[in-house]
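Q: What follows is a structure written as C-alpha cells; I'll ask about it next.
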Amino acid sequence: MQIILGITGGVAAYKSAELARLLANQGNRVRCILTEAGARFITPLTLSSLTGEPCFGANPNQGEWRANPSIEHIELARWADLVVVVPATANILGKAANGLATDLLSTVLLATRAPVLWAPAMNTGMWEHPAVQANIARLRSFGHAVVDPGEGILACGEEGSGKLAEVASIAEAIQAHGTPNLPSLAGRRVLITSGPTREDLDPVRTLTNRSTGAMGIELARAFRDVGAQVLLVLGGDMASPWGVETLRVRSAQEMLEACESRWADSDGLVAAAAVADQRPEQPSSQKVKKVDGAETLALVRTPDILANLSAVRRADQWVLGFAAESENHLEHAATKLKKKGLDAVLVNDIQGVRAFGAQANTLTPVTAQGPQAPIGPLPKDQLARAVVLWWAHQLEARESGR
Ligand code: CTP
245 MQIILGITGG
255 VAAYKSAELA
265 RLLANQGNRV
275 RCILTEAGAR
285 FITPLTLSSL
295 TGEPCFGANP
305 NQGEWRANPS
315 IEHIELARWA
325 DLVVVVPATA
335 NILGKAANGL
345 ATDLLSTVLL
355 ATRAPVLWAP
365 AMNTGMWEHP
375 AVQANIARLR
385 SFGHAVVDPG
395 EGILACGEEG
405 SGKLAEVASI
415 AEAIQAHGTP
425 NLPSLAGRRV
435 LITSGPTRED
445 LDPVRTLTNR
455 STGAMGIELA
465 RAFRDVGAQV
475 LLVLGGDMAS
485 PWGVETLRVR
495 SAQEMLEACE
505 SRWADSDGLV
515 AAAAVADQRP
525 EQPSSQKVKK
535 VDGAETLALV
545 RTPDILANLS
555 AVRRADQWVL
565 GFAAESENHL
575 EHAATKLKKK
585 GLDAVLVNDI
595 QGVRAFGAQA
605 NTLTPVTAQG
615 PQAPIGPLPK
625 DQLARAVVLW
635 WAHQLEARES
645 GR
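In terms of this note's numbering, the sequence shown opens at residue 245 and continues consecutively.
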C-alpha cells in the first residue's frame, strides 16, 4: 500500500516515527508530510531514514525536506492509497472539516480521493470541546475514519481522554481501511467464536485446553479488513483486535449464550473456538480438598455451540466450522459437515504437527462438493486472509447462481 503519513504539531509526534517504521516493515511505501509545527517535534531526516522515502513539507530549508512546488500536492494526493494523520491536532481537524488548504498537508487532504484516517491527540479539554467534536463528526460524515484517542496521563499532566491511540491499533486501522472491500462480505455481519473455554472445578481450578485463540482473532481481522462487521465471542486471555466488537466469555455455556443472543442478527458464523467438550458435573463453590486414595471427577458434556446455532439457521445464513484431526481427516471432516449441517469444514491435519500455536498451518476446506484445494501452509495471519478470500469467492459464486 502507498501511504501518506501526515504529522502535525503535538508531543505524540515521536510516536509517528515508530508507526512509519512499522508500516514500512510491513511492506508499505510510506511518505511523510510534516506541518510546520510537526517539524518542531520530529525531524524530516528521522522520517526519511525510517521510510526510505523523501519527507515532504512546507519549508525547503531543512535537510531533505523537499520544497513544495505548486503541483506537488496533486501528485501526492494521487500517489496515496490512504492518507493518515498521526497525531492529528485540533487545528488540522478544524482545517480539514472546513475545507481549508493552507499548507501541503491540508491541501493534500483536500485533493486526495484516497481513504482518510485520523488519529487525534490533544489535551482532554480540547478533545471534549464541542467545536472539536463537531469537526470530528463532520469528517466522519465525509467518510473519513477516526482512531479514537485513549485515556491516560497526558503530556500536559492532566488525566483523561486525548492520548494518542496505541501505534499497533493505528497500524491495524490503516490495514483495515486500506484493504479493498470484497463485495460478497462488505457490510455482512459475521459472528466468530475463538479461543479456549474454561470450565471451573472450584474457585481455583479449571478445565481448559491449549488453544490461544490466535486463529480466530486473525480471522476476525481478515473479515474486518474486507469490510465485514465482525462480532468476536472470545475465550482466553488474548487482546481483542482493533475495530472488532468483542464479547468475552469463560465457559462453553457462556459462549453459547453470547452467540445465541446475536445469531439472528448475523449473516454468518465462523466457529473457530476450541470449546471444552466436558465440564465438571458438580462445580464446587469452595476449594475442593484432597482426599486419600483414588479420586474421581464426574464430567458432563458441554453444549455444542456450532451444532446449536446451525440447527436454527435461516436459509440466508452460512456456517463454517473447523476440525483438527490426526487421522482420516477428510473423511471425519465430511462426517462433521453433514452431522452439524455446515457449509464448509476447514480441516487441519494435525498428524505430526502442533496445531495450537504452530507457526505455519494448512487448512483444507471440505464442502458438499468434497475436499477443495488446501490453503497454506501459511502463517496464521496470511492463512486467515486466504480463508476469507476463498470464502468470499464461494459466496460470490453462490449468489450469482454458479
Ligand atoms: N465446537 C463448538 N462447540 C463445541 C465443540 C465444538 O462450537 N462444544 C465447534 C468448534 O469451534 C469447531 C467444531 O465445532 O468449529 C469442531 O467440531 P468437533 O466435532 O467438536 O471437533 P472435535 O472436538 O475435533 O470432535 P471430535 O472429538 O468428535 O473429533
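All C-beta atoms, glycine included, are put in the ideal place defined by N, C-alpha and C.
In this text the structure is predicted, and so the values were computed from the model without any measurement.
From the DSSP output, in three-state form, read off Gln561 for me.
A: Numbered from 1 along the sequence shown, position 317 holds the residue referred to as residue 561. Coil.
Q: Which residues in the same chain as Lys624 place their Cβ atom closer than 6 Å to its Cβ, once the five residues preceding and following it in sequence are excluded?
A: As a working note, residue 624 is residue 380 in the sequence shown. Only Ala458, Met459, Glu462 meet the Cβ criterion.
Q: Which whole-angstrom value is the C-beta distance of Asp511 and Val434, which I expect to be below 8 Å?
A: Here residue 511 is taken as the residue at index 267 of the sequence shown, counted from 1. Here residue 434 is taken as the residue at index 190 of the sequence shown, counted from 1. Asp511 to Val434, Cβ: 7 Å. Contact.
Q: Who are the near neighbours of Lys531 in its chain, counting only those whose CB is closer than 7 Å to its CB and skipping five residues on each side?
A: Residue mapping note: residue 531 aligns to position 287 of the sequence shown, counting from 1. So the list reads Asp446, Pro447, Val448, once near-sequence residues are dropped.
Q: From the DSSP output, which residues share a beta bridge with Cys276?
A: Your numbering for residue 276 matches position 32 in the sequence shown. Note: Cys276 sits in a beta bridge opposite Leu249, Cys299.
Q: Judging by CA-CA distance, which residue of Arg284, Thr368, Glu262, Gln246 is the nearest neighbour of Ala321?
A: As a first step, residue 321 is located in the sequence shown; it is residue number 77 there, counting from the start. Among Arg284, Thr368, Glu262, Gln246, the Cα nearest to that of Ala321 is on Gln246.
Q: For Phe566, I'd like the list of residues in its chain whose CB is within less than 6 Å of its CB, leaving aside the five on either flank, ordered along the chain.
A: Residue 566 sits at position 322 when you count from the first residue of the sequence shown. Excluding sequence neighbours, Phe566 sits near Ala516, Leu590.
Q: Under the criterion of a Cβ to heavy atom distance below 8 Å, does Ala551 qualify as lining ligand 1?
A: Here residue 551 refers to the residue found at position 307 when the sequence shown is read from its first residue. Yes; taking the cut-off as 8 Å, the Cβ of Ala551 has a heavy atom of ligand 1 nearer than that.
Q: Could you tell me the distance, in whole angstroms, from the CA atom of Gln616 to the CA atom of Met370?
A: Residue 616 sits at position 372 when you count from the first residue of the sequence shown. Residue 370 sits at position 126 when you count from the first residue of the sequence shown. Between Gln616 and Met370, the C-alpha separation is close to 55 Å.
Q: Gln473 lies in the beta strand (DSSP E); which residues open and close that run?
A: Within the sequence shown, the letter at position 229 stands for residue 473. It spans 473-478 - the beta strand (DSSP E) in which Gln473 sits, taken as one unbroken run.
Q: Give the straight-line distance between the Cα atoms of Arg506 and Leu553, rounded to the nearest whole angstrom.
A: Along the sequence shown, one-based indexing puts residue 506 at 262. Along the sequence shown, one-based indexing puts residue 553 at 309. For Arg506 and Leu553, the distance between alpha carbons rounds to 10 Å.
Q: Using a Cβ distance threshold of 8 Å, determine whether the segment 492-505 contacts the segment 435-442, with at least three qualifying pairs required.
A: Taking 8 Å as the limit for Cβ pairs, the verdict is that the segment 435-442 does touch the segment 492-505.
Q: Given the structure, does Glu462 come close to ligand 3, in the sense that its CB is under 8 Å from one of the ligand's heavy atoms?
A: For ligand 3, the structure offers nothing, since it holds only ligand 1.
Q: For Ile251, does the count of other Cβ atoms within 10 angstroms reach 16, so buried, or fall short, so exposed?
A: As a first step, residue 251 must be located in the sequence shown, where it is residue number 7. Buried is the call here.
Q: Rank Thr450, Asp536, Lys582 by C-alpha distance to the C-alpha of Pro524 and give the top, closest one.
A: As a position in the sequence shown, residue 524 is number 280, starting the count at 1. Minimum Cα distance to Pro524 is reached at Thr450.
Q: Roughly how many whole angstroms lie between the Cα atoms of Val352 and Ser405?
A: Against the sequence shown, residue 352 aligns to sequence position 108. Against the sequence shown, residue 405 aligns to sequence position 161. For Val352 and Ser405, the distance between alpha carbons rounds to 28 Å.
Q: Let me know if Asn342 comes out buried or exposed under the rule of 16 or more other beta-carbons within 10 Å of its beta-carbon.
A: Mapped onto the sequence shown, residue 342 falls at position 98. Exposed is the call here.
Q: According to DSSP, Arg545 sits in a beta bridge with which residue or residues?
A: Position 301 of the sequence shown holds residue 545. According to DSSP, which records beta bridges pairwise, Arg545 is partnered with Gln522.
Q: Given a cut-off of 9 Å, decide if Leu586 and Val563 are closer than it, judged by their beta-carbon atoms.
A: To locate residue 563, count along the sequence shown from 1; it is residue 319. To locate residue 586, count along the sequence shown from 1; it is residue 342. Cβ distance < 9 Å, so Val563 and Leu586 count as in contact.
Q: Apart from the five residues on each side of it in sequence, which residues of its chain come closer than 8 Å, Cβ to Cβ, to Glu319?
A: Here residue 319 refers to the residue found at position 75 when the sequence shown is read from its first residue. There are no such residues.
Q: Look up Lys582 in the DSSP assignment and say whether it is helix, strand or coil.
A: Position 338 of the sequence shown, counted from the first residue, corresponds to residue 582. Helix, per DSSP.
Q: Taking 6 Å as the limit between beta carbons, can you name the residues of its chain near Asp325, skipping five residues before and five after?
A: For the purposes of this step, residue 325 is identified with residue 81 of the sequence shown, where counting begins at 1. Excluding sequence neighbours, Asp325 sits near Met245, Gln246, Ala358, Gly422.
Q: Have a look at Ala211 and Thr279 and give me their C-alpha separation to the nearest angstrom.
A: Given a span of 245 to 646 for the chain in the structure shown, any question on residue 211 remains unanswerable.
Q: Relative to ligand 1, is the shortest distance from any of its heavy atoms to the C-beta of Leu566 smaller than 8 Å?
A: For the purposes of this step, residue 566 is taken as the residue at position 322 of the sequence shown. Contrary to the premise, residue 566 reads as Phe rather than Leu in this sequence. Yes; taking the cut-off as 8 Å, the Cβ of Phe566 has a heavy atom of ligand 1 nearer than that.
Q: Please indicate yes or no: does the CB of Ala628 lie closer than 8 Å to some heavy atom of ligand 1?
A: Here residue 628 refers to the residue found at position 384 when the sequence shown is read from its first residue. Ala628: no, Cβ never under 8 Å from ligand 1.
Q: To the nearest angstrom, how far is the alpha carbon of Lys730 from that of His373?
A: Residue numbering for the chain in the displayed model covers 245 to 646; residue 730 lies beyond these limits and cannot be assessed.
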